[in-house]
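Right, one structure below, let's go through it.
Chains as they are written, first to last, in the numbering used here: chain D, 1 to 308; chain A, 309 to 597.
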């Protein structure tokens, strides 16, 4: 570890500590927005862990997330609370492995298409099972407050950042960057490309499922159509790409402005959220390729202040 | 059983037309157009509007819908997508860019259509009588929609197979780089294919609106199904698209009738899984060398 690494680690820990103090200041509206931000930070960062280096666009977040909320919804009365995120992580990883085994051996297009409908597929199956067993939505009534959820998410975010940092320094991270640059080269230099991709997708899927398990008590009432709402996957993609996937902190830079904008639009013009989503996608492709991180790097390059 | 087969075929015929549009766009112009379903819904909206406002039959509306959709899609390709093709360093980079751009377009279109027509469902009653085929009766509108879809598909197939313009298009589908070497204007053919694909899909939308309840946000379901059909049949292969669409139509009808109407996407996914596991190049696709 170089001096620079130690400095960055120290700064990150300090920032995290400050952020964790927020509930002492406010437990109302600001905390609610901050919790949403924390949730999307975890989701977008873990999404970028896989999709950043490989350029495989995953739209499966909503499926993993919904799975997690259902784990909590079905298990919170009979199982200890600490066990639920662990079960969710396991199930998320298994689902990701299955999807990965089917699609990640093939080209990226198959992966996008398969994940595009995955949340809807799981929703249809869950609804069908519920209809057959005569069950409807479920109430998740717990004593967990928004503050607890916020702290859990901040802890999870710290863990995800740490894992991302470790992966970037590991052989796996190196392998993924090569795959992203040229998959043929990666294959020829002896990398098991499918295994590397599947492994990282499993991490990303497990994290999304844990987020679902943690956040479930916030919804109070859980039913398939809200738990597996496909829009979540797109929000995560937009936020991660808007921030930029080139750096670990990139998605965070997209989450904060986009969450505020989304909040503003859905309050004032609830029907225009989709239009916002569309415009944001177009903006990323045509104006901001590489997101804020890319912009930052271009500016730094131009003014030469950080030229290394 | 026989009833399921015929209903499935009738549905599959319309799916075939929609997927053919997507296949032209993806197979020839190399753009994975995820806004395809929204073109379909727009076509349906147009037919609905023309029918309820002016009592003009949706079939006559095709004469307006198709050329209009052609122009719109041609413009989308020239203005939005051509710059992406130009700047792309590899096929993979173009794929990521075009997926994101057409997602953007798709959401923007849903937003605009929700704003213009409201979020509700819309349908209208046209040719709601029955037709008897082999002693079972079917909706007249379904049979008519199927027949017109078949006519359009056949015309398209003949055009692609027997005209010079069709030949050029097939050449670009096989290999854009080689097509350029024999003097084909690849950008112009790509734009033409993209526009044509949009026109075919929008016509499919106008036909499907005769018997199917649409709303502004239903497009992505059709995009999904069309994508599965195109991959199942083999990218760039019209014959494969038709066969795959009929298989999907029958499978969906079977699942909806026998198991549960809420599981139609699951049926499509089972087929998709089988293809991914055993024949990723599609039923009629050639193995990559």
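Ideal Cβ positions, reconstructed from N, Cα and C, are used throughout, including at glycine. A quick note: this is a predicted structure, and the numbers were derived from the prediction, not measured.
Practice item. Taking 8 Å as the cut-off, decide whether the C-beta atoms of residue 332 (chain A) and residue 512 (chain A) are in contact. Key: The answer is no: Cβ separation not under 8 Å.
**Study point:** Backbone CA spacing between residue 597 (chain A) and residue 336 (chain A) [nearest angstrom]
**Key:** The predicted position of residue 597 (chain A) is uncertain, since its pLDDT is 45 and thus under 50; no value can be drawn from it.
Point to revise | Secondary structure of residue 430 (chain A), DSSP reduced to three states | key: DSSP places residue 430 (chain A) within a strand segment (E or B) once states are collapsed to three.
Exercise for review: Sort out for me which residues DSSP pairs residue 445 (chain A) with in a bridge.
Suggested key: Note: residue 445 (chain A) sits in a beta bridge opposite A:440.
Review point. Along the chain, which unbroken stretches of the alpha helix (DSSP H) at least 4 residues long are found entirely within the region 85-137 of chain D?
Key: Along the length of the region 85-137 of chain D, whole alpha helix (DSSP H) runs at least 4 residues long occupy 108-116, 118-132, reported in chain order.
**Study point:** Simplified DSSP state of residue 597 (chain A), which is helix, strand or coil
**Key:** For residue 597 (chain A), the predicted structure reports a pLDDT of 45, less than 50, and the residue's modelled location is therefore unreliable. A value from the coordinates is still provided. Assigned with DSSP and collapsed to three states, residue 597 (chain A) falls in coil, not helix or strand.
Review point. Does any C-beta atom of chain A lie closer than 8 Å to the C-beta of residue 271 (chain D)?
Key: Yes, because at least one Cβ of chain A sits closer than 8 Å to the Cβ of residue 271 (chain D).
Check your understanding: Name the chain D residues that come within less than 9 Å of residue 422 (chain A), Cβ to Cβ?
Key -> Simply 271, 272, 274, 275.
Check your understanding: For residue 254 (chain D), which option in D:231, D:291, D:276 has the closest C-alpha, if you only look at C-alpha atoms?
Key -> Checked all of D:231, D:291, D:276; the closest Cα to residue 254 (chain D) is D:291.
Review point. Residue 160 (chain D) to residue 44 (chain D), Cα distance in whole Å?
Key: So the alpha carbons of these two residues sit roughly 10 Å apart.
Point to revise | Close-in-space but distant-in-sequence residues of the same chain around residue 137 (chain D) (CB under 7 Å, 5 per side omitted) | key: 221, 222, 223.
Exercise for review: Starting from residue 522 (chain A), follow its DSSP beta bridges and name the residues at the other end.
Suggested key: In DSSP, residue 522 (chain A) forms a bridge with A:430.
Review point. If residue 383 (chain A) sits next to residue 406 (chain A), beta carbons under 8 Å apart, how far is it from one beta carbon to the other, in whole angstroms?
Key: Contact doesn't hold; Cβ gap of about 16 Å is too wide.
Check your understanding: Using a Cβ-Cβ cut-off of 7 Å (strictly less than) and excluding sequence neighbours within five positions of residue 14 (chain D), which residues of its own chain qualify?
Key -> Same-chain partners within the cutoff: there are none.
Review point. Roughly how many angstroms lie between the CA atoms of residue 315 (chain D) and residue 454 (chain A), to the nearest whole one?
Key: Lying before the first or after the last residue shown, residue 315 (chain D) is absent from chain D, which here runs from 1 to 308.
Check your understanding: Run through DSSP, which three-state label would residue 139 (chain D) get?
Key -> Three-state DSSP puts residue 139 (chain D) in a strand.
Review point. Grouping DSSP H, G and I as helix and E and B as strand, with all else coil, what is residue 286 (chain D)?
Key: Assigned with DSSP and collapsed to three states, residue 286 (chain D) falls in helix.
Practice item. List in chain order: all unbroken alpha helix (DSSP H) runs of 4+ residues lying wholly within the region 438-515 of chain A. Key: Uninterrupted alpha helix (DSSP H) stretches at least 4 residues long and entirely within the region 438-515 of chain A occur at 448-470, 472-482, 484-489, given in chain order.
Review point. Quick one: what does DSSP say residue 296 (chain D) is sitting in, helix, strand or coil?
Key: Under the three-state reduction of DSSP, residue 296 (chain D) is assigned to helix.
Review point. On the three-state DSSP scale, how would you describe residue 221 (chain D)?
Key: Strand, per DSSP.
**Study point:** Own chain residues within Cβ distance below 7 Å of residue 39 (chain D), not counting five before or after
**Key:** Closer than 7 Å at Cβ, skipping near neighbours: 153, 211, 215.
Review point. Do you know offhand how far residue 208 (chain D)'s Cα is from residue 328 (chain A)'s?
Key: Distance between the alpha carbons of residue 208 (chain D) and residue 328 (chain A) is about 36 Å.
Review point. By DSSP, does residue 578 (chain A) sit in helix, in strand, or in coil?
Key: Residue 578 (chain A) falls in the helix class under three-state DSSP.
Exercise for review: For the region 281-292 of chain D, enumerate the residues whose C-beta is nearer than 9 Å to any C-beta of chain A, in chain order.
Suggested key: For the region 281-292 of chain D, which is checked against every Cβ of chain A, the residues closer than 9 Å are 281, 282, 283, 284, 285, 286, 289.
Check your understanding: Using Cβ-Cβ distances below 8 Å, what residues of the region 120-134 of chain D are close to chain A?
Key -> Result list: 120, 121, 124, 125, 127, 128, 131.
Check your understanding: Can you find a C-beta in chain D that's less than 8 Å from the C-beta of residue 445 (chain A)?
Key -> Contact of residue 445 (chain A) with chain D is not assigned, every C-beta pair being separated by 8 Å or more.
Review point. Name the chain A residues whose beta carbon is nearer than 7 Å to that of residue 102 (chain D)?
Key: Here the neighbours are 581, 584, 585.
**Study point:** Contact set for residue 461 (chain A): own chain, Cβ-Cβ below 7 Å, skip 5 residues either direction
**Key:** Take residue 461 (chain A), set aside five residues on each side of it, and the residues of its chain with a beta-carbon closer than 7 Å to its own are 324, 325, 328, 550, in chain order.
Check your understanding: Taking all protein chains shown into account, do 16 or more other C-beta atoms lie within 10 angstroms of the C-beta of residue 185 (chain D), making it buried, or fewer, making it exposed?
Key -> Looking at its Cβ environment, which holds fewer than 16 other Cβ atoms inside 10 Å, residue 185 (chain D) is exposed.
Check your understanding: In the structure shown, what three-state DSSP assignment does residue 397 (chain A) receive?
Key -> Of the three classes helix, strand and coil, the one that applies to residue 397 (chain A) here is coil, per DSSP.
Review point. Candidates D:89, D:46, D:59, D:75: which alpha carbon is nearest residue 118 (chain D)'s?
Key: Restricting attention to D:89, D:46, D:59, D:75, the CA atom closest to the CA of residue 118 (chain D) is found in D:59.
Point to revise | Other residues of its chain near residue 514 (chain A): CB distance less than 7 Å, five sequence neighbours each side excluded | key: Answer for residue 514 (chain A): 351, 352, 354, 355, 366, 369, 370, 373, listed in chain order.
Check your understanding: Since residue 415 (chain A) and residue 278 (chain D) are thought to touch, with beta carbons under 8 Å apart, how far apart are those beta carbons, to the nearest angstrom?
Key -> Taking a contact as a CB-CB distance under 8 Å, the pair residue 415 (chain A) and residue 278 (chain D) counts as one, their CB atoms being some 3 Å apart.
Review point. Just curious, the alpha helix (DSSP H) that residue 535 (chain A) is in, first and last residue?
Key: It spans 527-541 - the alpha helix (DSSP H) in which residue 535 (chain A) sits, taken as one unbroken run.
Review point. Leaving out the 5 sequence neighbours to the left and right, which residues in its chain are closer than 6 Å to residue 411 (chain A) when beta-carbon positions are compared?
Key: Once the five neighbours on either side are set aside, the close Cβ partners of residue 411 (chain A) are 342.
Check your understanding: Under a Cβ-count criterion, where at least 16 other Cβ atoms within 10 Å of its own Cβ denotes burial, should residue 6 (chain D) be classed as buried or exposed?
Key -> Its Cβ having fewer than 16 others within 10 Å, residue 6 (chain D) is exposed.
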